[in-house]
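Here the structure comes first, spelled out in structure tokens, and everything after it is commentary.
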Amino acid sequence: MIEKVFGKQFVNQSLANKVFDIVNHIILFTLMMVVLYPLYFIVIASFSSPVAVAGGEVILFPKGFNMDGYKEIFKYKDIWTGYGNSIIYTAVGTSINLISTIPAAFAFSRRDLPGIKPLMLLFVFTMFFGGGLIPTYLLVQSLHMDNTIWALVLPGAVGVYNLIVARTFFEQSIPEELYEASVVDGCDYFRYFFRIVLPISKPIIAVMMLIYAVGHWNSYFSALIYLVDRSKFPLQVILREILIQQQQVAGNNAMTLDALEQQRHLAEMIKYGVIVVASLPALCMYPFVQKHFVKGMMIGAVKG
1 MIEKVFGKQF VNQSLANKVF DIVNHIILFT LMMVVLYPLY FIVIASFSSP
51 VAVAGGEVIL FPKGFNMDGY KEIFKYKDIW TGYGNSIIYT AVGTSINLIS
101 TIPAAFAFSR RDLPGIKPLM LLFVFTMFFG GGLIPTYLLV QSLHMDNTIW
151 ALVLPGAVGV YNLIVARTFF EQSIPEELYE ASVVDGCDYF RYFFRIVLPI
201 SKPIIAVMML IYAVGHWNSY FSALIYLVDR SKFPLQVILR EILIQQQQVA
251 GNNAMTLDAL EQQRHLAEMI KYGVIVVASL PALCMYPFVQ KHFVKGMMIG
301 AVKG
């Protein structure tokens, strides 16, 4: 029985190794539950009766199945406009990030790049010292990018931390002998990068795509600062407005006690529903890049 559950290798181990493996699995399972359960609770709470959620009766499964929160959220027509805008901003922004980061990381992985250390120092400098909100806003305004998509996707085109991770991936995964062999066959740097490096760098490209895409999808602060037209608002800003409106209604002192209590419960349902609606696309995207994610992140993080 033990062999079927833990495998033959576990049975043949010494007692100390068995104890270590069991303790290790218990700790990892506990950590997984600490991370996973809050997400699971939000999902089941969004489908449960607000009274049951407020009473602490929802623990493992939905109780008093209820879709009022989602019905209220999807009453807003702006939410579909926000979805469309967020998809466009995420697709365009992630493409610009990848086009900027991957070639730059490859260039920095080449030891024969002239001035590599001063250039890298300039990039790293920006990790610790930034211009601040007001100078950045004035720069975006002077370039006439305010109230356009470019104000959201261009200022953060290259993430320096991501650049370092990608550079380390190229240094660790692609041997110098591969470049020397390609030079013998007549390759220059551009052909070597596009024909050889990119096809074997799918793990780091998938990791960068996921990190940048999630960042753009969850971003709302830049939209609050730079966008004026309501038709250009991303999903996160629309959901934020819905949440604030419901909380203001729930705090209306002119309502009767019963109506006030119902509105507060509805506001709670909307709160959980908004989190699910905002997180669902990112969660759906993760399984498609998961097989590359661990390999790309681990190799890129070494010496990062």
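UniProt numbering applies: residue 1 is where the sequence shown begins, and numbers increase by one.
Heads up, the beta-carbon is just placed ideally off N, CA and C, and yes, glycines get one too.
Values in this document were obtained by computation on a predicted structure and should not be read as measured data.
If distances are taken between C-alpha atoms only, which option among the options comes closest to residue i?
{"i": "Ile225", "options": "Ile22, Ala151, His25, Pro103", "result": "Ala151"}
{"i": "Asn85", "options": "Ser173, Met127, Ser219", "result": "Ser219"}
{"i": "Met33", "options": "Leu60, Glu176, Asn17", "result": "Leu60"}
{"i": "Tyr161", "options": "Ile205, Thr126, Ser142, Tyr189", "result": "Thr126"}
{"i": "Ala278", "options": "Tyr83, Ile99, Pro38, Gly186", "result": "Tyr83"}
{"i": "Ala91", "options": "Ile149, Leu138, Thr81", "result": "Ile149"}
{"i": "Leu283", "options": "Phe129, Phe170, Leu210, Ser173", "result": "Leu210"}
{"i": "Tyr37", "options": "His25, Val23, Leu138, Val58", "result": "Val58"}
{"i": "Lys232", "options": "Val289, Val207, Thr81", "result": "Thr81"}
{"i": "Gln172", "options": "Pro135, Pro203, Tyr76, Leu113", "result": "Pro203"}
{"i": "Leu198", "options": "Gly55, Arg264, Phe170, Thr136", "result": "Phe170"}
{"i": "Arg110", "options": "Asn24, Thr256, Lys77, Glu176", "result": "Glu176"}
{"i": "Gly159", "options": "Phe65, Thr30, Gly130, Tyr137", "result": "Gly130"}
{"i": "Gly55", "options": "Pro287, His265, Leu280", "result": "His265"}
Quick check: residue i and residue j, are their CB atoms within less than 9 Å of each other?
{"i": "Leu239", "j": "Trp217", "result": "no"}
{"i": "residue 311", "j": "Tyr192", "result": "This structure cannot speak to residue 311, because the chain is shown only from 1 to 304."}
{"i": "Val214", "j": "Met145", "result": "no"}
{"i": "Lys63", "j": "Ser49", "result": "yes"}
{"i": "Gly115", "j": "Val153", "result": "no"}
{"i": "Val237", "j": "Ala259", "result": "no"}
{"i": "Ile242", "j": "Ile88", "result": "no"}
{"i": "Val53", "j": "Tyr189", "result": "no"}
{"i": "Ile73", "j": "Val274", "result": "yes"}
{"i": "Pro155", "j": "Val140", "result": "yes"}
{"i": "Ile205", "j": "Ile174", "result": "no"}
{"i": "Cys22", "j": "Val276", "result": "Sequence check: residue 22 is Ile here, not Cys. Contact: no."}
{"i": "Val289", "j": "Val184", "result": "no"}
Quick one: what does DSSP say residue i is sitting in, helix, strand or coil?
{"i": "Gln9", "result": "helix"}
{"i": "Thr126", "result": "helix"}
{"i": "Phe286", "result": "The residue you asked about is not Phe; residue 286 is Tyr in the sequence shown. If DSSP states are grouped into helix, strand and coil, Tyr286 belongs with the helices."}
{"i": "Gly304", "result": "Confidence at Gly304 is low in this model, with a pLDDT of 46, below 50, so the placement of that residue should be treated as unreliable; the coordinate-derived value is given next. Gly304: coil per DSSP, three-state reduction."}
{"i": "Phe81", "result": "First, the amino acid is wrong: residue 81 is Thr here, not Phe. It is helical."}
{"i": "Leu60", "result": "coil"}
{"i": "Asn17", "result": "helix"}
{"i": "Ser231", "result": "helix"}
{"i": "Thr90", "result": "helix"}
{"i": "Tyr220", "result": "coil"}
{"i": "Asn66", "result": "coil"}
{"i": "Arg111", "result": "coil"}
{"i": "Lys271", "result": "helix"}
{"i": "Lys202", "result": "helix"}
{"i": "Gly55", "result": "coil"}
{"i": "Asn48", "result": "The displayed chain sequence assigns Ser, not Asn, to residue 48. Residue state, collapsed to three classes: coil."}
{"i": "Lys71", "result": "helix"}
{"i": "Tyr76", "result": "coil"}
{"i": "Thr101", "result": "helix"}
{"i": "Thr256", "result": "coil"}
Spatial neighbours of residue i within its chain, please: C-beta separation below 8 Å, excluding the five flanking residues on both sides.
{"i": "Val19", "result": "none"}
{"i": "Leu163", "result": "Thr101, Ala104, Ala105, Phe108, Phe123"}
{"i": "Met120", "result": "Phe108"}
{"i": "Tyr76", "result": "Ile238, Ile242"}
{"i": "Asn66", "result": "Phe47, Ser48, Ser49, Pro50, Met269"}
Less than 6 Å between C-beta atoms, sequence neighbours within five positions excluded: which residues of the same chain meet that for residue i?
{"i": "Gln13", "result": "none"}
{"i": "Met269", "result": "Pro50, Asp68, Gly69"}
{"i": "Val228", "result": "Asn147"}
{"i": "Ala16", "result": "none"}
{"i": "Asn24", "result": "none"}
Can you list, in chain order, the residues of its chain with a C-beta nearer than 7 Å to that of residue i? Leave out the 5 residues immediately preceding and following it.
{"i": "Gly304", "result": "Legend: pLDDT at Gly304 = 46, less than 50; position of this residue unreliable, value from coordinates given subsequently. Correct list, in chain order: Ile164, Val165, Thr168."}
{"i": "Ala157", "result": "Ile96, Asn97, Ser100"}
{"i": "Glu133", "result": "The amino acid at residue 133 is misidentified as Glu; the sequence shows Leu. Cβ within range, chain order: n/a, list empty."}
{"i": "Ile196", "result": "Leu178, Ser182"}
Looking at residue i and the ligand GDP, is the gap between the Cβ and the nearest heavy atom below 8 Å?
{"i": "Leu28", "result": "Ligands displayed in this structure: none; no statement on the ligand GDP is therefore possible."}
Of all the alpha helix (DSSP H) runs that stay within the bounds of the stretch 129-189, which reach a length of 4 or more residues?
133-142, 150-153, 160-173, 176-184
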